[in-house]
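**Q** Respectively, the protein sequence lines represent chains A and B. Here the first sequence stands for residues 1 to 243, numbered as in UniProt numbering. Here the second sequence stands for residues 1 to 638, numbered as in UniProt numbering. The structure follows.
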Amino acid sequence: MKLELHVWRQSGQFEKGYFEKHVLDDLDEHMSVPEMLDHLNTKIIKSTGSPIAFESDCREGICGQCGFVINGDIHGPINGTTTCQIHLRSFDDGQTLFIEPFRAKAFPIKKDLVIDRSAFDRIIQAGGYIGVNTGQASEANTILINHELAEKAFDAAACIGCGACVAVCKNASAMLFTSAKVNHLSMLPQGELEASQRVTNMVNQMDEEGFGSCTYTGECEKICPQGISITNIVDLNRRWFWK
Amino acid sequence: MLNSRIPEGPLEEKWKKYKANAQLINPANRRNYKIIVVGTGLAGASSAASLAELGFNVEVFTFHDSARRAHSVAAQGGVNAAKDYKNDGDSVWRMFYDTLKGGDFRAREANVYRLAECSMSLIDQAVAQGVPFAREYSGYLSNRSFGGVQVSRTFYARGQTGQQLLLGAYQSLMRQNDGNNLKLHTRHEMLDVITINGEAKGVTVRNLDNGEIVSHSCDALILASGGYGKIYYLSTLAMNCNATAIWRAHRKGAFMAAPSWTQFHPTSLPQLGGYQSKLTLMSESLRNDGRIWVPLSPNDQRPPNEIPEEERDYYLERRYPSFGNLAPRDISSRAAKERIDAGCGVGPMGNAVYLDFKDAIKRDGEKIIEQRYGNLFGMYQKITGTDAYKEPMMIAPAAHFSMGGLWVDYRLMSNLSGLFVLGEANFSDHGANRLGANSLLQACVDGYFIAPSTIMDYLAEKSPVKSPKMDEWDSAVIKSKSEVIDRLQNLLTIKGNTTAEEFHKELGQILYKKCGLSRNKISMQSAKNDLLILQKRFYEELLIPGSTNEINFELEKAARVEDYLEMSILIVEDALQREESCGAHFREEHQTDEGEALRNDEEFKYVSVWEFKGNNSYELHKEHLDFKFAELKNRSYK
């Protein structure tokens, strides 16, 4: 299989970036996108070039580390799928691909396709937890949670922190990410007490990081690899107003 | 030489007694003690958060860009606890015995009992953190069954239990990361342990973003850096999983126990081609409802749905009628290999077996199966393009979990004073084979409940090194830093023509073939030879681009592969030395007429513990295992 790649190269956060062209004609349609880049990097290294810096760890769609923009599509051409789970069979033989990093002011580029998403960690640090110390817990079955609520909490908790929602948003808003954590914790009885403080602190931190505002276009839900619903954003707004 | 420090007394009293007698440190003094934690998976994050909550001064290092990426995140199936919510006869004793037997009686009784004993508190802790475990319609917690047991004691959050537990631990960690009690350093890799007078007193780390090499001192060091199954290259582990932290500690004197005991997971997706970088795991929980089979006759090319019932061999149900498809992992993997070697394997490379949900769908309906395994079926479809509701999945054994690791005593402290090793990085609770859903448990129990007690007990006898004797520390730092810098520089200057990844692939092929699911003396002797040649070639032909003072993933990989190469030689040595079969360690010379593992309790009722002597040579120490409470039995699942 043959592909013409144009890959984003940028040696540092404040350096100028550009697309670098590579033509690969010995690809297998069952390769994943990171495997294709491994293959390309081996060639680059052997011709004493500088390999493309990119991150991809678990390669099964759960660690949230990978994520590129491929021909304008966040993570790649299949909605709801991380880049590591996109295989070359999703492309046509001979197709041209433009591969670039997720772009957002709050996610500065470190090198090539590697971005800094530590803003997400700081949002969690601001309130994305239940304040329980080790040893304080009561017997687990004293807290009853009905099946539907547990499933709903899981749906919000499933976020992998990849940042696709930010990358796809025209305002680079982190509302889907933030609201998923706010709701996962606040809808559960264990997390209810801190709900008001949580939403305040997390939203404030989100604003401080330079993410944009949400205008509810719904693009984030469409591409989220875990299918996190934008109803979480509605719930966050409700919690914010009534806090 | 090896003192396991197991408290005296009855099994069920040991941990209580330890805790009751453990020394304490006044809350106001705890901040004077600095504890370094390497790794932010379940064991690292949970210990770091718990110690910071107690008031210790904690500094945490991870090579990831965020603590949440640690590979605990990928564990799917569940976490065990002896809550007996099902009223199906479970108890701490039964869980202890299942785990000990599952490990083929090659673990310490006292450790295993403690694991089962603390399991209940972990579920309580996780629920309090907001981990959304599966619930019954009544609101109570739900359980399912896992391999190697006949009770339902596994708690789960769909197929993402590891992710949810890790997020709980990660959130607790971030909650403490305010710079007062805890400071987290992401993108920092530990490359050396600093020892002073035989005690672990610090680490040297590399900032992976700019290459800066820095040393940090501490009063106690925790390594929670995970397993090393990725040494086989094709494995269920993440690309960056490595043995570097534990191997560097080993080179500084920490003993390595049973390094050859690697579990091969029976339900991974098979390899499809040479470009492949990893094998994706499908949760073992699928074996609750899926039936495993291969065609009865070799080289049957028909699609699975065209093979009639009577021409299928449900080999696990045939060989192990009482456990059937839920036989433990080592046994299931070997049974699959036996059929694949007999030519009955399926798939394009003939290297897989079927996992079939036809009967379960007929019995329970597609909706129920979707509720239980929806995300796994979705994942399978994404990777393979096949709809597992319509035709069986193809699965195969893959390198997965390291039972072996740094040797630790009952306190989880290695022979190097002050060095604690938690989670998969240590050798402690799983013996020669780990039971499903015990891995998340062990990592959490080590971190939340054991280390906080034992580390405080250890530190109480020490005065804090607020200001270490400067001359001693300074010279140790200079030495450590220059060793690290020289090592990386030497690797960079080889400038050969082979990438680190290519060496890693070759290493994996040798190990899979000659020291994998089953091993024999002749194949391992040839493996040793191959590995020595490969190691020699590595130092002559390695090619790393770029420099040390920038983001350089190739340099990171190469240093990890260098450690893997050295470790692989010890792995083979360890497997060669153990002339018996036990758990995941299957020596072809030692099997019953029916092809089952043949243990040799008379000669090998001990853990092999290796001391690094330099130049690929090691000295063997033995920790003899006493079974005072559980009866040693032949491990049968028939």
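Using N, Cα and C, we set each Cβ at its ideal position, and we do this for glycine too.
Give a yes or no on whether the C-beta atoms belonging to I551/B and A119/A are separated by under 7 Å.
**A** Sequence index remark: in the second sequence, residue 551/B carries index 551 (1-based). Sequence index remark: in the first sequence, residue 119/A carries index 119 (1-based). Not a contact, by the Cβ cut-off of 7 Å.
**Q** Measure the beta-carbon distance from L184/B to V205/B and round it to whole angstroms, keeping in mind my assumption that it falls under 8 Å.
**A** To locate residue 184/B, count along the second sequence from 1; it is residue 184. To locate residue 205/B, count along the second sequence from 1; it is residue 205. 13 Å between Cβ atoms; not a contact.
**Q** List the residues of chain B that F154/A touches, going by C-beta distances under 7 Å, in chain order.
**A** One-based indexing of the first sequence puts residue 154/A at position 154. From the beta-carbon of F154/A, the residues of chain B found nearer than 7 Å are P132, A157 and R158.
**Q** Pick helix, strand or coil for N87/B, following the three-state DSSP scheme.
**A** Residue numbering aside, residue 87/B sits at position 87 when the second sequence is read from its first letter. Of the three classes helix, strand and coil, the one that applies to N87/B here is coil, per DSSP.
**Q** Under 7 Å between beta-carbons, which chain B residues line up against S50/A? List them in chain order, please.
**A** By 1-based counting over the first sequence, the position of residue 50/A is 50. Those within 7 Å of S50/A in chain B are P545 and G546.
**Q** Is the beta carbon of R135/B closer than 7 Å to that of I145/A?
**A** Mapped onto the first sequence, residue 145/A falls at position 145. Mapped onto the second sequence, residue 135/B falls at position 135. Cβ distance < 7 Å, so I145/A and R135/B count as in contact.
**Q** Measure the C-alpha to C-alpha separation of R153/B and L234/B and round it to an integer number of angstroms.
**A** Taking the first residue of the second sequence as position 1, residue 153/B is located at position 153. Taking the first residue of the second sequence as position 1, residue 234/B is located at position 234. Each residue's CA atom was taken as its position, placing R153/B and L234/B some 31 Å apart.
**Q** Identify the continuous beta strand (DSSP E) that holds P10/B and give its terminal residues.
**A** Your numbering for residue 10/B matches position 10 in the second sequence. First-last for P10/B: undefined, no H or E at that position.
**Q** DSSP three-state label for P397/B, please.
**A** Along the second sequence, one-based indexing puts residue 397/B at 397. Strand.
**Q** Which residues does DSSP pair with L5/A in a beta bridge?
**A** For the purposes of this step, residue 5/A is taken as the residue at position 5 of the first sequence. Looking at the DSSP assignment, L5/A forms a beta bridge with H22/A and L97/A.
**Q** With a cut-off of 8 Å, do at least 3 Cβ pairs link the region 208 to 222 of chain B to the region 35 to 44 of chain B?
**A** yes
**Q** Using the beta-carbon of each residue, which ones in chain B are nearer than 8 Å to N201/A?
**A** Taking the first residue of the first sequence as position 1, residue 201/A is located at position 201. Below the 8 Å Cβ cutoff, chain B contributes no neighbours of N201/A, its closest Cβ being approximately 11 Å away.
**Q** Among R31/B, R69/B and D65/B, which has the Cα closest to the Cα of E53/B?
**A** Here residue 53/B is taken as the residue at index 53 of the second sequence, counted from 1. Of R31/B, R69/B and D65/B, the residue nearest in Cα terms is R31/B.
**Q** Within 8 Å, do at least three Cβ pairs link the region 301 to 308 of chain B to the region 383 to 393 of chain B?
**A** yes
**Q** Can you give, in chain order, each stretch of the alpha helix (DSSP H) that sits fully within the region 102 to 132 of chain A and has at least 4 residues?
**A** Counting whole runs of 4 or more residues, the region 102 to 132 of chain A contains the alpha helix (DSSP H) stretches 118 to 127.
**Q** Looking at chain A, is there any beta carbon in it that lies within less than 7 Å of the beta carbon of G273/B?
**A** Taking the first residue of the second sequence as 1, we reach residue 273/B at position 273. It does; some Cβ of chain A falls within 7 Å.
**Q** Quick one: using the 10 Å Cβ neighbour count with 16 as the cut-off for buried, is H624/B buried or exposed?
**A** Against the second sequence, residue 624/B aligns to sequence position 624. Looking at its Cβ environment, which holds fewer than 16 other Cβ atoms inside 10 Å, H624/B is exposed.
**Q** Answer yes or no: does any C-beta atom of chain A fall closer than 7 Å to that of A28/B?
**A** Within the second sequence, the letter at position 28 stands for residue 28/B. So, not an interface residue.
**Q** What residue range does the beta strand (DSSP E) around W610/B cover?
**A** Position 610 of the second sequence, counted from the start, is the residue given in the question as residue 610/B. Residue range Y606 to F612 is occupied by the beta strand (DSSP E) that includes W610/B.
**Q** Let's test the definition: count the other Cβ atoms within 10 Å of the Cβ of Y380/B and tell me whether it reaches 16, buried, or not, exposed.
**A** The sequence position of residue 380/B within the second sequence is 380, counting from 1. With 16 or more Cβ atoms within 10 Å of its Cβ, Y380/B is classed as buried.
**Q** Are the C-beta atoms of I228/A and some chain B residue less than 7 Å apart?
**A** For the purposes of this step, residue 228/A is taken as the residue at position 228 of the first sequence. Closer than 7 Å: no.
**Q** Output needed for T280/B: all residues of its chain with C-beta closer than 8 Å, excluding positions within five of it in sequence on either side, in chain order.
**A** By one-based count along the second sequence, residue 280/B stands at place 280. Hits under 8 Å: T236, S268, L269, M379 and I383.
**Q** For a contact defined as C-beta to C-beta under 7 Å, what are the partners of D25/A on chain B?
**A** By one-based count along the first sequence, residue 25/A stands at place 25. Under the 7 Å cutoff, chain B gives no residues; its nearest Cβ is about 14 Å from D25/A.
**Q** Per DSSP, which one or two residues make a beta bridge with R312/B?
**A** Taking the second sequence and counting its residues from 1, the one referred to as residue 312/B is at position 312. For R312/B, which the question treats as bridged, DSSP gives the partners P295/B.
**Q** Quick one: give me the first and last residue of the alpha helix (DSSP H) that V348/B is part of.
**A** Here residue 348/B corresponds to residue number 348 of the second sequence, with the count starting at 1. In the sequence as displayed, the identity of residue 348/B is Pro instead of Val. Note, P348/B: premise wrong, no alpha helix (DSSP H); not H, not E.
**Q** Looking only at its own chain, which residues have a Cβ that is under 7 Å from the Cβ of E611/B, when we skip the five neighbours before and after it?
**A** Within the second sequence, residue 611/B is the residue found at index 611, counting from 1. Closer than 7 Å at Cβ, skipping near neighbours: F255, Y618, E619 and H621.
**Q** Looking only at C-alpha atoms, which of A28/B, D65/B and E338/B sits nearest to E588/B?
**A** Here residue 588/B refers to the residue found at position 588 of the second sequence. The residue with the shortest Cα to Cα distance from E588/B is E338/B.
**Q** Beta carbon of K479/B, beta carbon of I213/B: below 7 Å?
**A** The residue given as residue 479/B occupies position 479 in the second sequence. The residue given as residue 213/B occupies position 213 in the second sequence. Contact: no.
**Q** Any beta-carbon of chain B closer than 7 Å to the one on V69/A?
**A** As a working note, residue 69/A is residue 69 in the first sequence. No, V69/A lies away from the interface with chain B (no Cβ there is under 7 Å from its Cβ).
**Q** Assuming N177/B contacts Q125/A (C-beta within less than 8 Å), just tell me the rounded distance between them.
**A** Residue 177/B sits at position 177 when you count from the first residue of the second sequence. Residue 125/A sits at position 125 when you count from the first residue of the first sequence. Sure, about 6 Å apart at Cβ, within 8 Å.
**Q** Please name the residue in I395/B, P452/B, P10/B and C444/B whose C-alpha comes closest to that of L272/B.
**A** Sequence index remark: in the second sequence, residue 272/B carries index 272 (1-based). Nearest option by C-alpha distance: I395/B.
**Q** Listing by chain order, which chain B residues have their CB less than 9 Å from the CB of G120/A?
**A** On the first sequence, residue 120/A is found 120 positions in, with the first residue counted as 1. The residue asked about is misnamed: residue 120/A is Phe in this sequence, not Gly. By Cβ distance, chain B contributes S66 and R68.
**Q** Which stretch, first to last residue, makes up the alpha helix (DSSP H) that contains M187/A?
**A** The residue labelled residue 187/A in the question sits at position 187 within the first sequence. Where M187/A is concerned, there is no enclosing alpha helix (DSSP H), given that its DSSP letter is neither H nor E.
**Q** For the alpha helix (DSSP H) holding S526/B, just list the boundary residues, first then last.
**A** In the second sequence, the residue the question calls residue 526/B occupies position 526. Here the alpha helix (DSSP H) through S526/B covers K521 to E541.
**Q** Quick check: what's the CA-CA separation for N438/B versus R144/B?
**A** Here residue 438/B refers to the residue found at position 438 when the second sequence is read from its first residue. Here residue 144/B refers to the residue found at position 144 when the second sequence is read from its first residue. The alpha-carbon atoms of N438/B and R144/B are separated by roughly 14 Å.
**Q** Buried or exposed: where does T592/B fall if 16 or more other Cβ atoms within 10 Å of its Cβ makes it buried?
**A** Counted from its first residue, the second sequence places residue 592/B at position 592. Exposed is the call here.
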